[in-house]
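Q:
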Amino acid sequence: MIAEHKRRVLVTGGAGFLGCHLVRRLSREGWDVTVLDDYSSPSPLADNLPATMVVGSVVAPPPLDGPFDLICHLASPASPPRYLLDPVGTLRTGGEGMRQVLDLAAAWGAHVLFTSTSEIYGDPEVHPQPESYVGAVDVQGPRACYDEGKRYAEALVYAYRRAGLHRRSSVVRLFNTYGPGMHPDDGRVVTAFLGSALVGQPLPIFGDGSQTRSFCYVDDVIDGLMGILAGEFPGPLNIGNDVEVSMLELADVVERLIGSTGRQFLALPDGDPKVRKPDLAAIRELTGWQATTDLATGLSNTITYLRELT
Ligand SMILES: NC(=O)c1ccc[n+]([C@@H]2O[C@H](COP(=O)([O-])OP(=O)(O)OC[C@H]3O[C@@H](n4cnc5c(N)ncnc54)[C@H](O)[C@@H]3O)[C@@H](O)[C@H]2O)c1
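Residue numbering for the sequence shown follows the working numbering, beginning at 14 and increasing consecutively.
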C-alpha cells in the first residue's frame, strides 16, 4: 500500500499565543507541522508543541526542510508595548518577513495564510468595519510601525497574486483575540485587567473607559481560520466577535468574576482607536462561521489559565 502523503505546514510565529493553538489544532487534524519562530515573545503554552521547532527570524529565515503545502504566517510582534519597543524591527518583520514567506511559497507551490489585523483600519470613521473599508491609519503615529507593516504585507500578497507569483493565499484580519496562552504581561487590556484583579490591584482604565473593542475567544478564532483554510478563500476576511463592549463594561464583567479591586483611570495612549467592531457578513456567508463563546465564559477560562501560571 502506498502511504498517503501527510500534508506539511510551516507555521511562522507558531510559538506565540495564537500559534500554539493553531499548531495543536493542525496537528490534531493530521498535518505534519514545522514552526519557525525567533522566540521574541513565546507563549507560556509553547512547551512540547507537536511540531518540529526551528529557531530563526522570518526576516532572514534559516534553511528550512521544504517543500511545504501550506505556510501559516503569524510571525510578528503583536501587542503594542512589544511592537513599540522596536518600530524598525516591527516594520521589517511586517514587510521583509512577508516577502520571504511569499518567495518560499512560490518556490514550494504552497498556499499562504496571512494573519493581518483590524489595526489596518486605524482609528476608523466607518463602524462596524467591513473588509471594503480602506482604513484611517496615521502614518506618523506611533502605531504606524505595526499598522503600516501589516498594510504593506497585505499589499505584497495582492501584488504577488496579480503577478501570478504564488499558487493561492488567504488574508485574514483578526480583531482582538484573548484566551489561555496569552502573555500575562503583554500590556493588552484583557491581561491588564485580569492580572491586576488577580493580585488585588485596581483595574487600569485608559481615558474615560468609553472606548470600545470586540473580544473574540481564541478557540473561536482558530475555528474561523480552519474554515478559511478548508475553503482556501482569498479574503481579506475579518475574523472576530461583533459583540462590542466598552472598557467600563469589560471592567464590570471582570469584577463580577473576580471581585472588585477598584479602578485607576490613566491617560489615553497616543493613537488608541476609539471604536473597533468587525463586520462579519463576508465570513458568515462563505463559511457559516461565527463566534460562539460569550465573554464571561472566555474570561473565566482565561482566569483559570492565569491562576495556573502563578
Ligand atoms: N492576538 C490578537 O489579538 C491579534 C489581533 C490581530 C492580529 N494578530 C496577529 O496574529 C499573529 C499572532 O499574534 P499573537 O497574538 O499570537 O502574537 P504573539 O506575540 O503571541 O506571537 C507572535 C509570535 O511571532 C514570533 N515572532 C515575532 N517576530 C518574529 C520574527 N521576525 N521571526 C520569527 N518569529 C517572530 C514571536 O516570538 C511569537 O512567538 C500576529 O501576526 C498578529 O499580528 C493577533
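Built from N, CA and C at the ideal position, the CB exists for glycine as well.
Under a Cβ-count criterion, where at least 16 other Cβ atoms within 10 Å of its own Cβ denotes burial, should K287 be classed as buried or exposed?
A: Here the question's residue 287 lines up with position 274 in the sequence shown. Exposed: under 16 other Cβ atoms inside 10 Å.
Q: Leaving aside the five residues before and after V36 along the sequence, list all residues of the same chain whose C-beta is less than 8 Å from its C-beta, in chain order.
A: Position 23 of the sequence shown, counted from the first residue, corresponds to residue 36. Once the five neighbours on either side are set aside, the close Cβ partners of V36 are V24, G27, V46, V48, L62, P63 and A64.
Q: Just list the residues that DSSP pairs F278 with in beta bridges.
A: Within the sequence shown, residue 278 is the residue found at index 265, counting from 1. The partner list for F278 (beta bridge, DSSP) reads I218.
Q: Considering only residues of the same chain and omitting the five flanking positions on each side of E245, which have a CB-CB separation below 8 Å?
A: Here residue 245 is taken as the residue at index 232 of the sequence shown, counted from 1. So the qualifying residues of the chain are H124, R181 and S183.
Q: Mind pulling the alpha helix (DSSP H) runs of 4 or more residues that sit fully within the segment 249-310?
A: The DSSP assignment places 260-271 and 294-300 as complete runs of the alpha helix (DSSP H) inside the segment 249-310, in order along the chain (cut-off: 4 residues).
Q: Count the other C-beta atoms from every protein chain shown that fall within 10 angstroms of the C-beta of P80, then say buried if there are 16 or more, exposed otherwise.
A: As a first step, residue 80 must be located in the sequence shown, where it is residue number 67. It is exposed - the Cβ of P80 has fewer than 16 other Cβ atoms within 10 Å.
Q: Compute the beta-carbon to beta-carbon distance between I235 and V185, rounded to the nearest angstrom, for a pair I have assumed lies under 8 Å.
A: Counted from its first residue, the sequence shown places residue 235 at position 222. Counted from its first residue, the sequence shown places residue 185 at position 172. Actually they are not in contact, since the Cβ atoms of I235 and V185 sit about 11 Å apart, beyond 8 Å.
Q: Considering only their Cβ atoms, is the gap separating E144 from A295 smaller than 7 Å?
A: Here the question's residue 295 lines up with position 282 in the sequence shown. Here the question's residue 144 lines up with position 131 in the sequence shown. Result yes, Cβ atoms of A295 and E144 sit closer than 7 Å.
Q: Whose C-alpha, out of G162, V266 and G222, is nearest the C-alpha of A210?
A: Residue 210 sits at position 197 when you count from the first residue of the sequence shown. Of the candidates G162, V266 and G222, the residue whose Cα lies closest to the Cα of A210 is V266.
Q: Rounding to the nearest angstrom, what Cα-Cα distance links P90 and S54 in this structure?
A: Sequence index remark: in the sequence shown, residue 90 carries index 77 (1-based). Sequence index remark: in the sequence shown, residue 54 carries index 41 (1-based). Distance between the alpha carbons of P90 and S54 is about 7 Å.
Q: State the DSSP-derived secondary structure class of G162, mapped to helix, strand or coil.
A: Residue 162 sits at position 149 when you count from the first residue of the sequence shown. It is helical.
Q: Under 6 Å Cβ to Cβ from L261, same chain only, skipping five residues before and after it: list those, please.
A: As a position in the sequence shown, residue 261 is number 248, starting the count at 1. Closer than 6 Å at Cβ, skipping near neighbours: G222.
Q: For the alpha helix (DSSP H) that contains F206, what are its first and last residues?
A: Locating residue 206 in the sequence shown gives position 193, counting from the first residue. Unbroken alpha helix (DSSP H) run through F206: V202 to L211.
Q: Rounded to whole angstroms, what's the CA-CA distance from R20 to S40? Just pull it up for me.
A: Residue numbering aside, residue 20 sits at position 7 when the sequence shown is read from its first letter. Residue numbering aside, residue 40 sits at position 27 when the sequence shown is read from its first letter. About 10 Å.
Q: Tell me G135's beta-bridge partners as DSSP assigns them.
A: Working through the sequence shown from its first residue, we reach residue 135 at position 122. In DSSP, G135 forms a bridge with A149.
Q: CB-CB under 7 Å to D292, same chain, minus the five flanking residues each way: which ones, in chain order?
A: As a working note, residue 292 is residue 279 in the sequence shown. For D292, where only same-chain residues beyond five positions count, the Cβ hits under 7 Å are P141, Q142, P143 and N251.
Q: Less than 7 Å between the beta carbons of S229 and A304, yes or no?
A: One-based indexing of the sequence shown puts residue 229 at position 216. One-based indexing of the sequence shown puts residue 304 at position 291. Reading off the sequence, residue 229 comes out as Cys, not Ser. The answer is yes: Cβ separation under 7 Å.
Q: Tell me whether A309 is buried or exposed, calling it buried when 16 or more other Cβ atoms sit within 10 Å of its Cβ.
A: As a first step, residue 309 must be located in the sequence shown, where it is residue number 296. It is exposed - the Cβ of A309 has fewer than 16 other Cβ atoms within 10 Å.
Q: Residues in its own chain within less than 8 Å of Q224 by CB, not counting five upstream and five downstream?
A: Translated into the one-based positions of the sequence shown, residue 224 becomes position 211. S259, M260, L281, D285, P286, K287 and V288.
Q: Using a Cβ-Cβ cutoff of less than 6 Å, which residues in the same chain neighbour G122 once the five nearest sequence positions on both sides are dropped?
A: The residue labelled residue 122 in the question sits at position 109 within the sequence shown. These residues qualify, in order along the chain: R180.
Q: Check each candidate in G43, K290, P193 and R297 and name the one with the smallest Cα separation from H34.
A: Numbered from its first residue, the sequence shown carries residue 34 at position 21. The shortest C-alpha separation from H34 is found at P193.
Q: Are P57 and L322 close, meaning C-beta to C-beta below 7 Å?
A: Within the sequence shown, the letter at position 44 stands for residue 57. Within the sequence shown, the letter at position 309 stands for residue 322. L322 is positioned such that its CB atom lies closer than 7 Å to that of P57.
Q: According to DSSP, is H86 helix, strand or coil?
A: As a first step, residue 86 must be located in the sequence shown, where it is residue number 73. Strand at H86.
Q: Q277: which of I218, H196, G240 and D136 sits nearest, CA to CA?
A: As a first step, residue 277 is located in the sequence shown; it is residue number 264 there, counting from the start. For Q277, the nearest C-alpha among the options comes from I218.
Q: Let me check understanding here. Comparing Cα to Cα, which of R105, D51 and V114 lies closest to M66?
A: As a working mapping, residue 66 is identified with position 53 in the sequence shown. Ranking the options by Cα distance to M66, first place goes to D51.
Q: Please go through the same chain and pick out, in chain order, the residues whose beta-carbon is closer than 8 Å to the beta-carbon of E161, but skip the five residues on each side of it.
A: Taking the sequence shown and counting its residues from 1, one reaches residue 161 at position 148. So the list reads L104, G107, V150 and V152, once near-sequence residues are dropped.
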